[in-house]
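Novice: Here it is, the structure, as structure tokens.
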């Protein structure tokens, strides 16, 4: 019998209590229309069946319910989806099963039901410890609710809890952010994600960004470097640009994105990298449901077969997000491209403390992460200039 | 062919915006040369750029058929001309193909600097000048005063000048009648050997060079072998004919007195020079017609392809454009910073802007243009005298015994209220006051002698803003004068970027150097390291700015769906970089080279 290949599954839950000011994810704020929910559950079930037939040589080792707000969607709905998934896919008994949650929709009853079903990781959107800031951002909860949610999760048997925080918020100063971080650390999560606020076009925040008194790039850079050192001090290792974990608690699912492993997504706006193709579904739940159930309209928004050379570019772009970095040996072996031109770019950057080398891998320093877009650009230019190794021989 | 006595060749001259192109439109309509339903505004300005900017850049010819009140049929050849001072050369070329010029004067604005300049060009060319007062339906119109002004200032009889509104089609008929009666019929001998003056040409990928000409003597017809007298090249005429706004109309022959075109499968662009004479190969004329005086470019600028490998494309584009714009001059230039490119000589900044835009649009090129400069002259310590066209060749200060810069005589016409403002401006620009005359109670003409260098950058804009748009300007070169000049060098990250160097008046060096460093700081994006910008004269640093290092350029979140998006962003970043040139480790966007120019005070 063939060895089964690992697969990550992402399920998008596009329902929220309300839209936050900065959010550009696809979700519907306020609605949990029964008919729409039922249709969506049905569409997912049908879609699982179809896709499961194409994935018989895979074993699902991570499942991620993202959103939207899965906790707002409710334990019963999530349970039904997960049961369908297990029915159509082979799911590993040690799989990491994550659900995203917001403090206002986390209850002990929800947690108990999900834990009993096999869910073993909660990713909670905390964002800030200041209620006035939370309110300004349009978050439908306060910090006390977040604290209570973590408490309940522990009580209900979740030993892998991740907290999402944001810095670079309106009126925020570097000392304030440090205080937030230390405050939140008292909740003793296993995992923390800290994201710099990005003002996206099309969001309400975009409209008043100039009046929002956002911290300057300099201040944000300071906040970022503080984050890395404080979390390190508390035993949270950085393993990706915005992600930190106690040893052994790195998100197995999210790592798949950065290590170039395969994952399959379900739901509107969900993305997949499966069987050599990268594809995304339409950003509209009605279209998705109809496309899956009636099959009379397409649900694909985008689909690209990725040629090997482009994979080499992705390797550089994604691996450099992580503290595994890029390995010359792996690079040359997998993509048949010379590492030499990349090294020529890297060495002067190492001099400037933007790169370091560990076990033969080249890894960005926190300072390097801060300007990683520029560095990735330089490396891809070097890549564009080089000939594949096979041709050279 | 039309009898000589039934031909009238004329052009329209005016100050910019006095309604020249609109009058041309009305004449086309009135003579039914173009159907009303086909009519569009500024029909002769068919270059996209002309329509966007509402100005005429290129002269154009068109044949009108007109049955006059005397019952006779006439052929009127209209040659439309540009109005801006930069394009004087186009105007004077067109005028040699005509016997008369209609002078359009705005009934509310009256005579302006370009009215005078263009009128004198027409009088010098021996043309009959016929004034017309336009825009008489505007509330501010004062046709009687304007007519008196024409008589007093120019000395042309104007009391019977037609009062028209080109915009609303009032009295257009009287303009046509005036042309028939007052423009002399062309002279010329159709039995004599062919002599035709090339006044313009254009490259067409199917027919080769299209030659626009005025036949002075003889006859040209398809099948005939013709010789270009300057180059000696011989071609067999494939087609000849008349010019219509919607294209070319082939004819059996073109005779003396007529205006039209010929094609002869001419692929060698340099064989047909504007100003040359076309004659018969078998029975050539003894003498060429007097050509045009070669025009003197006023400003020189370096032009480089943004992508160094496109040098060949740029060369081909310049060659083709030169055919259509004889006033442009270019020669190869090498810059350490930018590689291979060209030094282009042009008539002024507007001309330069137009040429660069045409190169980018019509030939699909991305260009880097360096700061324009005038031509300086230098006495060297070894006794030689040289002209400097580019800062790259400016000699070491030790080798200079005396530097000279070109001066112009500037004529400025303005309402009296703004005289003080103009005097301040001219003084600030090192102008030397000559005299001031009242044209009438509402307008004053001032004369200044000013370094050309002070005029070319933004003088006209400054003049407009100090006179609420009423001031008008004309200038002509009057020669070189001794001056104190220095070459200012710019260093990025310690490395000299020769393409950013330029020559300026020594007393202004410190102030300008500071502003240029500031401008560069604003125009060069932050990079991963700190970039010092320095301005230096000789080895001495006189100004400095620093572009701080980029602190943050990172995508905080990158999960499944973000990857495709991120890849697209990286592609865009790459595209953006293609529009930059890298000096050492510093990337400079092409706009930065021009930005140093915009010295708004």
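Protein chains in written order, with the working numbering: chain D, 1322 to 1714; chain H, 510 to 1110.
From the three backbone atoms N, C-alpha and C, an ideal C-beta is built for every residue, glycine too.
Does residue 1534 of chain D get closer than 8 Å to chain H when you measure Cβ to Cβ?
Specialist: Counting from 1 along the first chain, the entry for residue 1534 of chain D is found at position 213. Chain H, which has no Cβ nearer than 8 Å to the Cβ of residue 1534 of chain D, makes this no.
Novice: What does the alpha-carbon distance come out to for the pair residue 1104 of chain H and residue 1026 of chain H?
Specialist: Locating residue 1104 of chain H in the second chain gives position 595, where the first residue counts as 1. Locating residue 1026 of chain H in the second chain gives position 517, where the first residue counts as 1. Computed Cα separation, rounded: 11 Å.
Novice: For residue 922 of chain H and residue 621 of chain H, what's the separation of their Cα atoms in angstroms?
Specialist: Numbered from its first residue, the second chain carries residue 922 of chain H at position 413. Numbered from its first residue, the second chain carries residue 621 of chain H at position 112. If I take the Cα positions, the gap works out to 6 Å.
Novice: Under a three-way DSSP split, which group does residue 1062 of chain H fall into?
Specialist: Residue mapping note: residue 1062 of chain H aligns to position 553 of the second chain, counting from 1. Correct three-state label for residue 1062 of chain H: coil.
Novice: Going by the CB atoms, is the gap between residue 1006 of chain H and residue 1092 of chain H shorter than 8 Å?
Specialist: If you number the second chain from 1, residue 1092 of chain H lands on position 583. If you number the second chain from 1, residue 1006 of chain H lands on position 497. Their beta carbons are under 8 Å apart, which means residue 1092 of chain H touches residue 1006 of chain H by this criterion.
Novice: Exposed or buried, residue 1678 of chain D, counting other C-beta atoms within 10 Å across all chains shown (16 or more means buried)?
Specialist: Along the first chain, read from residue 1 onward, the residue named residue 1678 of chain D stands at position 357. Exposed, since its Cβ has fewer than 16 Cβ neighbours within 10 Å.
Novice: Give the residues from the segment 1061 to 1089 of chain H that approach chain D closer than 9 Å (Cβ to any Cβ), ordered along the chain.
Specialist: Listed by position along the chain: 1061, 1062, 1063, 1064, 1065, 1066, 1067, 1068, 1069, 1070, 1071, 1072, 1073, 1075, 1076, 1078, 1079, 1082, 1083 and 1086.
Novice: For residue 1053 of chain H, which residues in the same chain have their Cβ closer than 6 Å to its Cβ, ignoring the five residues on either side in sequence?
Specialist: Taking the second chain and counting its residues from 1, one reaches residue 1053 of chain H at position 544. Correct list, in chain order: 1043.
Novice: Rounded to whole angstroms, what's the CA-CA distance from residue 1073 of chain H to residue 677 of chain H? Just pull it up for me.
Specialist: Counted from its first residue, the second chain places residue 1073 of chain H at position 564. Counted from its first residue, the second chain places residue 677 of chain H at position 168. When rounded, the distance between both Cα atoms is 58 Å.
Novice: Can you tell me whether residue 664 of chain H is buried or exposed, with buried defined as 16 or more other CB within 10 angstroms of its CB?
Specialist: In the second chain, counting from the first residue as 1, residue 664 of chain H sits at position 155. Residue 664 of chain H comes out exposed.
Novice: Indicate whether the contact test is met: 3 or more Cβ pairs, each with one atom in the segment 1516 to 1529 of chain D and one in the segment 1464 to 1479 of chain D, closer than 8 Å.
Specialist: No: fewer than three Cβ pairs fall under 8 Å.
Novice: Would you check if there are 3 or more beta carbon pairs closer than 8 Å linking the segment 812 to 825 of chain H to the segment 876 to 887 of chain H?
Specialist: A contact exists between the segment 812 to 825 of chain H and the segment 876 to 887 of chain H.
Novice: Is it buried or exposed, residue 1392 of chain D, if we count other Cβ atoms within 10 angstroms and call 16 or more buried?
Specialist: If you number the first chain from 1, residue 1392 of chain D lands on position 71. Burial call: buried.
Novice: Helix or strand or just coil, what does DSSP make of residue 452 of chain H?
Specialist: In this structure chain H extends from 510 to 1110, so residue 452 of chain H is not present and cannot be described.
Novice: Indicate the three-state DSSP secondary structure (helix, strand or coil) for residue 518 of chain H in the structure shown.
Specialist: As a working note, residue 518 of chain H is residue 9 in the second chain. Strand.
Novice: Which residues in chain D sit within 9 Å of residue 722 of chain H, going by Cβ to Cβ distance?
Specialist: Against the second chain, residue 722 of chain H aligns to sequence position 213. The contacting residues do not exist; residue 722 of chain H stays about 52 Å from chain D at best.
Novice: Would you kindly work out how many angstroms separate the C-alpha atoms of residue 532 of chain H and residue 512 of chain H, rounded to a whole number?
Specialist: Counting from one through the second chain, the residue named residue 532 of chain H turns up at place 23. Counting from one through the second chain, the residue named residue 512 of chain H turns up at place 3. In a straight line, the C-alpha of residue 532 of chain H is about 26 Å away from that of residue 512 of chain H.
Novice: Taking a Cβ distance cut-off of 8 Å, strictly less, list which residues of the segment 1569 to 1601 of chain D are near chain H, in chain order.
Specialist: For the segment 1569 to 1601 of chain D, which is checked against every Cβ of chain H, the residues closer than 8 Å are 1575, 1578, 1579, 1584, 1586, 1590, 1591, 1592, 1593, 1594, 1599 and 1601.
Novice: Start and end of the beta strand (DSSP E) containing residue 893 of chain H?
Specialist: Taking the second chain and counting its residues from 1, the one referred to as residue 893 of chain H is at position 384. Note, residue 893 of chain H: premise wrong, no beta strand (DSSP E); not H, not E.
Novice: Between which two residues does the beta strand (DSSP E) containing residue 725 of chain H stretch?
Specialist: Taking the first residue of the second chain as 1, we reach residue 725 of chain H at position 216. Residue 725 of chain H -> beta strand (DSSP E) spans 717 to 726.
Novice: For residue 786 of chain H, tell me which candidate among H/660, H/736 and H/834 has the shortest Cα-Cα distance.
Specialist: Stepping through the second chain from its first residue, residue 786 of chain H is reached at position 277. Residue 786 of chain H has its Cα closest to that of H/736, out of H/660, H/736 and H/834.
Novice: By Cβ distance, which residues of its chain are closer than 6 Å to residue 1649 of chain D, with the 5 residues on each side in sequence left out?
Specialist: Numbered from 1 along the first chain, position 328 holds the residue referred to as residue 1649 of chain D. Cβ neighbours of residue 1649 of chain D beyond the five flanking positions: 1660.
Novice: Between the segment 612 to 620 of chain H and the segment 945 to 954 of chain H, can you find at least three pairs of beta-carbon atoms closer than 8 Å?
Specialist: As far as the Cβ criterion goes, the segment 945 to 954 of chain H touches the segment 612 to 620 of chain H, which means the pair count is three or higher.
Novice: Would you say residue 1038 of chain H reaches chain D, if we count a Cβ-Cβ gap shorter than 8 Å as a contact?
Specialist: As a working mapping, residue 1038 of chain H is identified with position 529 in the second chain. At least one chain D Cβ lies under 8 Å of residue 1038 of chain H.
Novice: Should residue 1628 of chain D go down as buried or exposed, given a rule of 16 or more other Cβ atoms within 10 Å for buried?
Specialist: Position 307 of the first chain, counting from 1, holds the residue named residue 1628 of chain D. Label assigned to residue 1628 of chain D: exposed.
Novice: Thinking C-alpha only, which one of H/1014, H/1055, H/867 and H/536 is nearest residue 1041 of chain H?
Specialist: One-based indexing of the second chain puts residue 1041 of chain H at position 532. Out of H/1014, H/1055, H/867 and H/536, H/1055 has the C-alpha closest to the C-alpha of residue 1041 of chain H.
Novice: Rounded to a whole number of angstroms, what is the C-alpha to C-alpha distance between residue 1594 of chain D and residue 1577 of chain D?
Specialist: Counting from 1 along the first chain, the entry for residue 1594 of chain D is found at position 273. Counting from 1 along the first chain, the entry for residue 1577 of chain D is found at position 256. Near 10 Å, if we compare the C-alpha coordinates of residue 1577 of chain D and residue 1594 of chain D.
Novice: According to the neighbour-count rule (16 or more other Cβ atoms, all chains shown, within 10 Å of its Cβ), is residue 530 of chain H buried or exposed?
Specialist: Numbered from its first residue, the second chain carries residue 530 of chain H at position 21. By the 10 Å Cβ count, residue 530 of chain H comes out buried.
Novice: Closer than 7 Å by C-beta to residue 650 of chain H: which residues in its own chain qualify, once you throw out the five before and the five after it? Chain order, please.
Specialist: Along the second chain, read from residue 1 onward, the residue named residue 650 of chain H stands at position 141. Same-chain partners within the cutoff: 616, 617 and 644.
Novice: Please indicate yes or no: does the CB of residue 662 of chain H lie closer than 7 Å to some heavy atom of the ligand MG?
Specialist: Of the ligands one can find in the structure shown there are none, so the ligand MG has no counterpart to examine.
Novice: Between residue 1401 of chain D and the rest of its own chain, which residues show a CB-CB distance below 7 Å, the 5 nearest in sequence each way excluded?
Specialist: The residue you call residue 1401 of chain D lines up with position 80 of the first chain. These residues qualify, in order along the chain: 1362.
Novice: Under a CB-based cut-off of 8 Å, is residue 1737 of chain D close to chain H?
Specialist: The structure shown does not extend to residue 1737 of chain D, since chain D is modelled only from 1322 to 1714, so the question has no answer here.
Novice: Taking only beta-carbon atoms, is residue 1340 of chain D less than 8 Å away from chain H?
Specialist: For the purposes of this step, residue 1340 of chain D is identified with residue 19 of the first chain, where counting begins at 1. Chain H, which has no Cβ nearer than 8 Å to the Cβ of residue 1340 of chain D, makes this no.
Novice: Have a look at H/919, H/750 and H/867 and flag the residue whose alpha-carbon is nearest the alpha-carbon of residue 759 of chain H.
Specialist: Along the second chain, one-based indexing puts residue 759 of chain H at 250. Among H/919, H/750 and H/867, the Cα nearest to that of residue 759 of chain H is on H/750.
Novice: For a cutoff of 8 Å on Cβ pairs, would you count residue 1110 of chain H as touching chain D?
Specialist: Position 601 of the second chain holds residue 1110 of chain H. Summary for residue 1110 of chain H: the model assigns pLDDT 45, below 50, so the residue's position carries little reliability; its value from the coordinates is reported in the next sentence. False, the Cβ-Cβ gap to chain D never drops below 8 Å.
Novice: Could one say the Cβ of residue 1438 of chain D lies closer than 8 Å to chain H's Cβ atoms, at least one of them?
Specialist: Residue mapping note: residue 1438 of chain D aligns to position 117 of the first chain, counting from 1. Answer no: the Cβ-Cβ gap between residue 1438 of chain D and chain H never drops below 8 Å.
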